[in-house]
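J.:
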Amino acid sequence: MMNAGVSARLPAARAVAGVVARGANLDVALNAVCAAADPGAAPAIRSLAYGAVRGYFRHEALLAALRDRPARRLDPLIRALLSVAFYELEDRRSPEYAIVDAAVEVARAGGIARSAGFVNAVLRRYLRERATIDARIARDPAQRHATPRWLATRLRADWPDRWESILAALDAQAPMWLRVDARRTTATRYVDSLHEAGLDGRSEPRVPYAVAIDPPCDVSRLPGFADGLASVQDLGAQCVAFALDLRPGLRVLDACAAPGGKTALIAEREPRLARLVALDVDPQRLERVRENLRRGTLAAQVVCADATEPASWWDGEPFDRILLDAPCSALGVIRRHPDIRLRKSAADLAKLPLLQARLLRALWPLLAPGGRLIYATCTLAEAENHAVLADFLGSIADGEVVDPALWPGWPGLGVRDASGVQILPGEAGADGFYYAAVSKR
Ligand SMILES: C[S@@+](CC[C@H](N)C(=O)[O-])C[C@H]1O[C@@H](n2cnc3c(N)ncnc32)[C@H](O)[C@@H]1O
């Protein structure tokens with residue numbers, strides 16, 4: 011058994027180092043370290059690693075203020091364990107001396123004992139100069155909200171009047187949202203069952219079937235979770251229901267379906283569809299679609315194929331609704347997945363509009379006249395949202411935008427542009443999502 015000061019901090023630092031050094035997905039890195047850690051340490055490991063990754067770029071700014079050489083030359087494990095310690099100092103749940111002592115001990119236990127003195131010196135200097143350094147960092151919105159410079163610049167260009175509040179919203183912790191199964195309950199009834207189970211939840215009248223749960227809890231405590239009565243899904247993601255305008259007898263294609271959150275929503279909201287196809291190119295992620303359908307006793311035809319090559323999988327029967335929940339830079343969900351800020355680069359973003367345009371062009375011929383294609387992303391980048399749509403609309407003669415004001419029940423969320431609507435992160439507690447609907451003449 012490890013010393014208590016090290017048992018959660020060292021695995022947390024290792025998970026963070028995986029994200030820093032290899033661009034690992036934080037949840038995947040956490041699963042690996044938690045499996046090898048002391049039993050019972052997982053919640054503390056996750057909380058430390060998430061806190062460190064959420065604040066990582068602010069911690070880099072702290073380090074830059076505390077030493078002359080650039081932080082990127084440091085061993086990733088040292089950078090990671092310092093980030094864990096900075097997070098704990100910001101969080102103020104443990105005494106300062108205990109946090110510094112534990113970080114030094116983690117350096118020794120982590121096989122980087124030669125750096126223990128350095129870790130000690132950096133953290134003690136920070137404690138001496140904290141007020142001055144924190145004040146300097148607070149003046150720079152990118153550093154204050156732990157955002158890499160390229161991303162802050164990008165958001166400032168796309169959202170000149172709102173970029174600072176967007177950075178702040180992306181830096182906050184996301185609430186937990188549930189979608190309740192419309193076939194079996196209502197949000198109000200589900201909130202009552204949460205109260206009976208000793209949990210606190212509230213419905214969101216503007217988005218029927220959405221329930222916020224506060225504080226978040228493990229899904230195993232949610233009434234009916236095992237059989238799909240409630241599923242975890244952000245409020246912004248649930249807004250796809252308004253754009254889809256589902257009715258009995260429709261043939262629906264969910265073209266980028268995995269892990270199946272929106273497929274399950276579609277199947278719950280309109281059980282009398284003529285057809286529901288859930289397509290994705292990633293076989294492993296498709297397993298999650300199957301699991302989600304099984305859990306909710308929902309039906310859909312699951313297809314593993316490339317949506318840009320319909321000749322390889324389409325049987326020729328047109329669809330009345332096509333949902334293209336496109337692969338995107340996911341900037342709108344950074345508060346839930348803070349590792350996106352470390353894993354994505356400006357170069358990654360630059361490639362996405364091409365793929366999004368290819369998907370739109372390939373799927374449009376599969377839509378029946380009178381049908382509707384929904385273009386959705388969970389990003390805030392104009393180049394992946396309105397710009398992709400505008401190019402696409404300019405390339406087809408038989409499509410027109412369906413004004414979001416005409417989507418039945420649209421709750422009035424978001425900022426309109428000429429093709430769709432951008433829900434901004436934090437608005438009504440939602441993540442950032444973009445939706446546009448194009449109908450075929
Ligand atoms: C934003 S995620 C979809 C999330 C999903 N709609 C949900 O609500 O759970 C994008 C998905 O697009 C898939 N994808 C990427 N390129 C694709 C392609 N060419 N054909 C089909 N699926 C693709 C990815 O595997 C990924 O699962």
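Numbers in this note's numbering are just positions in the sequence shown, counted from 1, shifted up by 10. Every residue, glycine too, gets a C-beta built ideally from N, C-alpha and C. Just so it is clear, the structure is predicted and the values come from calculations on it, not from any experiment.
1. Count the other C-beta atoms from every protein chain shown that fall within 10 angstroms of the C-beta of W323, then say buried if there are 16 or more, exposed otherwise.
2. Straight-line CA distance for M11 to P215?
3. Mind checking N302: buried by the 16 CB within 10 Å criterion, or exposed?
4. What does DSSP give as the partner residue(s) for Y445 in the beta ladder?
5. Confirm the yes/no value for this check: CB of R103, any heavy atom of ligand 1, distance under 8 Å.
6. What span of residues does the alpha helix (DSSP H) with E139 cover, start to end?
7. Any heavy atom of ligand 1 closer than 8 Å to the CB of R279?
8. Any chance the CB of P337 is under 8 Å from a heavy atom of ligand 1?
9. Looking at the structure shown, is V43 part of a helix, part of a strand, or coil, going by DSSP?
10. Quick one: grab the DSSP three-state call for G259.
11. Quick one: which unbroken alpha helix (DSSP H) runs of 4-plus residues sit fully inside the stretch 52 to 125? Chain order, please.
12. Report the start-end ranges of each beta strand (DSSP E) in the stretch 186 to 255 that is 3 residues or longer and not cut off at the edges.
13. Closer than 8 Å to a non-hydrogen atom of ligand 1 - does that hold for the CB of P480?
14. Where does R331 sit, in a helix, a strand or coil, going by DSSP?
15. Among L161, A428, Y219, which has the Cα closest to the Cα of R189?
16. Under the criterion of a Cβ to heavy atom distance below 8 Å, does T142 qualify as lining ligand 2?
17. Do V291 and ligand 1 come close, with the Cβ less than 8 Å from some heavy atom?
18. Can you tell me where the beta strand (DSSP E) holding Q183 begins and where it ends?
19. By DSSP, does D349 sit in helix, in strand, or in coil?
20. Suppose you measure from the CA of S213 to the CA of S429; what does that come to, to the nearest Å?
21. State the start and end residues of the unbroken beta strand (DSSP E) segment that holds A288.
22. Just verifying my parser: in three-state terms, what is the DSSP assignment at R426?
23. My output table needs one value for L303: the three-state DSSP class, helix, strand or coil.
24. If you drop the 5 nearest sequence neighbours on each side, which residues of the same chain put their C-beta closer than 8 Å to that of R159?
25. Would you call the CB atoms of A95 and A71 closer than 9 Å?
26. If you draw a straight line from the alpha carbon of P418 to that of L73, how long is it in whole angstroms?
27. What does a CB cutoff of less than 8 Å around L359 pick up in its chain, not counting 5 residues either side in sequence?
28. Using the Cβ count rule (16 or more neighbours within 10 Å means buried), how would you classify Y445?
29. By DSSP, does M11 sit in helix, in strand, or in coil?
30. Given 8 Å as the limit, is there contact between the stretch 282 to 294 and the stretch 227 to 241, that is, 3 or more CB pairs closer than that?
31. Taking the CB atoms as reference points, tell me whether R382 and D330 lie closer together than 9 Å.
T.: By the coordinates alone:
1. As a first step, residue 323 must be located in the sequence shown, where it is residue number 313. By the neighbour-count rule (16 or more Cβ atoms within 10 Å), W323 is not buried but exposed.
2. Taking the sequence shown and counting its residues from 1, the one referred to as residue 11 is at position 1. Taking the sequence shown and counting its residues from 1, the one referred to as residue 215 is at position 205. Note that M11 scores a pLDDT of 47, beneath 50, so its modelled location is shaky; the value from the coordinates is reported in the next line. Each residue's Cα considered, the two are about 49 Å apart.
3. By one-based count along the sequence shown, residue 302 stands at place 292. Burial call: buried.
4. Translated into the one-based positions of the sequence shown, residue 445 becomes position 435. Note: Y445 sits in a beta bridge opposite A386, V431.
5. Reading the sequence shown from its first residue, position 93 is the one you call residue 103. No - ligand 1 has no heavy atom lying nearer than 8 Å to the Cβ of R103.
6. The residue you call residue 139 lines up with position 129 of the sequence shown. Residues 126 to 148.
7. Within the sequence shown, the letter at position 269 stands for residue 279. For ligand 1, not one heavy atom lies less than 8 Å from the Cβ of R279.
8. In the sequence shown, counting from the first residue as 1, residue 337 sits at position 327. Within the cutoff, so yes.
9. As a first step, residue 43 must be located in the sequence shown, where it is residue number 33. Looking at V43 - three-state DSSP - the assignment turns out to be helix.
10. As a working mapping, residue 259 is identified with position 249 in the sequence shown. Correct three-state label for G259: coil.
11. 52 to 64, 66 to 76, 86 to 101, 106 to 119
12. 186 to 190, 211 to 213, 220 to 223, 240 to 242
13. The structure shown has nothing for residue 480, since the chain only spans 11 to 451.
14. Walking along the sequence shown from the start, residue 331 turns up at place 321. Residue state, collapsed to three classes: strand.
15. Locating residue 189 in the sequence shown gives position 179, where the first residue counts as 1. Ranking the options by Cα distance to R189, first place goes to Y219.
16. Ligand 2 is not part of this structure, which contains only ligand 1.
17. Numbered from 1 along the sequence shown, position 281 holds the residue referred to as residue 291. Yes, the Cβ of V291 comes within 8 Å of a heavy atom of ligand 1.
18. Here the question's residue 183 lines up with position 173 in the sequence shown. Segment: none, Q183 is in no beta strand (DSSP E) and carries neither H nor E.
19. Sequence index remark: in the sequence shown, residue 349 carries index 339 (1-based). DSSP places D349 in coil when its eight states are reduced to three.
20. Numbered from its first residue, the sequence shown carries residue 213 at position 203. Numbered from its first residue, the sequence shown carries residue 429 at position 419. Rounded to whole angstroms, S213 to S429 spans 30 Å at the Cα level.
21. Stepping through the sequence shown from its first residue, residue 288 is reached at position 278. 285 to 290 is the extent of the beta strand (DSSP E) around A288.
22. Here residue 426 refers to the residue found at position 416 of the sequence shown. DSSP places R426 in strand when its eight states are reduced to three.
23. Indexing the sequence shown from 1 puts residue 303 at position 293. DSSP places L303 in helix when its eight states are reduced to three.
24. Numbered from its first residue, the sequence shown carries residue 159 at position 149. Answer for R159: A152, listed in chain order.
25. Position 85 of the sequence shown holds residue 95. Position 61 of the sequence shown holds residue 71. Contact flag unset, no.
26. Position 408 of the sequence shown, counted from the first residue, corresponds to residue 418. Position 63 of the sequence shown, counted from the first residue, corresponds to residue 73. Computed Cα separation, rounded: 51 Å.
27. Counted from its first residue, the sequence shown places residue 359 at position 349. Hits under 8 Å: R164, S339, A391, A393, E394.
28. Looking up residue 445 in the sequence shown gives position 435. The residue is buried, with at least 16 neighbouring Cβ atoms inside 10 Å.
29. Residue mapping note: residue 11 aligns to position 1 of the sequence shown, counting from 1. The pLDDT assigned to M11 is 47, lower than 50, so where the model puts this residue is not dependable, and the model offers no usable value.
30. no
31. For this step, residue 382 is matched to residue 372 along the sequence shown. For this step, residue 330 is matched to residue 320 along the sequence shown. Yes. Within cutoff.
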